[in-house]
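Encoded as structure tokens, the structure appears first; notes follow it.
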Amino acid sequence: MSKRIRDMRLNEDIEGKYALVNIQEPKEYNGGKRMVLKIRDKYLDEITVTYWGNKDEDLKSLYDSLKDAKCVSIRGHVTENRGNGALYISVSKNFDNSIKATDDYDLNDCLMSIDELPWLDANAEDMKEEFFSIISAVENRYLKELLNNVFSGEFWDKFYIATASQKFHSAGIHGLLHHTLNVTKIARAVAALYPSVDIDLITAGALLHDIGKVWEYEFTPTIEYSDDGKMLGHIYMGAEMVSRKIDEIENFPLKLKKELLHIILSHHDLISMGWGSARDPSTPEAVIVAHADNMDAKTYSEVRKKEGKLNKN
Ligand SMILES: [Fe+2]
Ligand SMILES: [Fe+2]
1 MSKRIRDMRL NEDIEGKYAL VNIQEPKEYN GGKRMVLKIR DKYLDEITVT
51 YWGNKDEDLK SLYDSLKDAK CVSIRGHVTE NRGNGALYIS VSKNFDNSIK
101 ATDDYDLNDC LMSIDELPWL DANAEDMKEE FFSIISAVEN RYLKELLNNV
151 FSGEFWDKFY IATASQKFHS AGIHGLLHHT LNVTKIARAV AALYPSVDID
201 LITAGALLHD IGKVWEYEFT PTIEYSDDGK MLGHIYMGAE MVSRKIDEIE
251 NFPLKLKKEL LHIILSHHDL ISMGWGSARD PSTPEAVIVA HADNMDAKTY
301 SEVRKKEGKL NKN
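Numbered as in our numbering, the sequence shown ends at 313 without a single skipped number.
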């Protein structure tokens, strides 16, 4: 079990596998050569590692063996940087420490699962059950068929483990499922206050609003934007998939198609806010989903920040 970065304490020996964030080329210092890198644990916290090499040590080949690594295994010692008081991990052969690239990791070594977060009480299997029970309660037969068609097979397997963001809200394995379920429950609760809004449309819009995120990020094993994410973005990719899946359903009402696509295209609220909406939300259903989306994302970020503060000694 790798030591959590936030729990590392001064003068402690640590051992574990971590995602490599970046690495600098070795540089001379008066005792020999040193190399600085940054690692990230599965909770997305980061710490600097300094490798202190002897004068005759070949740090260039160590650097070459590490520079393209996704995951590194480290044995080191937690030390204080006298300049600014921050902790870093010191690694040196003299003290029998080591750092090496490793392919022997699974996703859970370098990335947290929503199940493990101390500030959530989430369980992926329970969330999955709740997700499909919400779909089964949809009465509109076109929307129900669409939801069952989208959330199935290979796509469901990807959606089930996908993340909702890179660092902020619901970041981690099963994060997209967690965020989507929260947005759907918030939106449905608000919809219950307004009998004239279309609850099935809200439910479908909320469940589908971020499906493009399945392709927006990739686990490398840290969370990175994919080429598709950078070039196309999840709003376009999600709307494109929903449009395609609707066209496979016979007689799907055109008006309903437009209303549903409108929810996806406007779910980042007003265009002027600069968060990537293609349209301003202009139906009650779209307004509700856009605000439910923002409410979950913002609340999650604040809860995580509060947890971070509480953990600092
Ligand atoms: Fe989104
Ligand atoms: Fe979202």
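Even glycine gets a Cβ: it sits at the ideal position worked out from N, Cα and C.
Classify residue i: buried if its beta carbon has 16 or more other beta carbons within 10 angstroms, exposed otherwise.
i	result
R304	buried
W52	buried
S136	exposed
L316	Residue 316 falls outside the range modelled here, since the chain spans only 1 to 313, and no answer is possible.
P221	buried
M1	exposed
L270	exposed
I237	For clarity, residue 237 is Met in the given sequence; the question names Ile instead. Burial call: buried.
A292	buried
M273	exposed
M231	exposed
F159	buried
K33	buried
F95	exposed
N313	For N313, the predicted model reports a pLDDT of 33, less than 50, meaning its position is unreliable and no value from the coordinates is stated.
Check the DSSP bridge columns for residue i and list the partner residues they point to.
i	result
T50	V36 and S90
L20	I39
Y316	Residue 316 lies beyond the range of the chain shown here (1 to 313); nothing can be said about it.
T79	Y88
Y217	Y225
A290	In the DSSP output, where bridge partners are listed per residue, A290 has none listed.
E15	R75
For residue i versus residue j, is the C-beta spacing smaller than 8 angstroms?
i	j	result
K17	Y105	yes
Y142	P253	yes
I314	G76	There is no way to answer for residue 314, as the model of the chain reaches only from 1 to 313.
L207	E130	no
I114	H178	yes
K213	L176	yes
V289	D200	no
G233	E216	yes
Report whether the distance from the Cβ of residue i to the nearest heavy atom of ligand 1 is below 7 angstroms.
i	result
I235	yes
H178	no
H268	yes
Measuring only from the beta carbon, is residue i closer than 7 angstroms to any heavy atom that is part of ligand 2?
i	result
V183	yes
D210	yes
H291	no
Inside the segment 222-256 only - alpha helix (DSSP H) runs reaching at least 4 residues: 227-231 and 233-247
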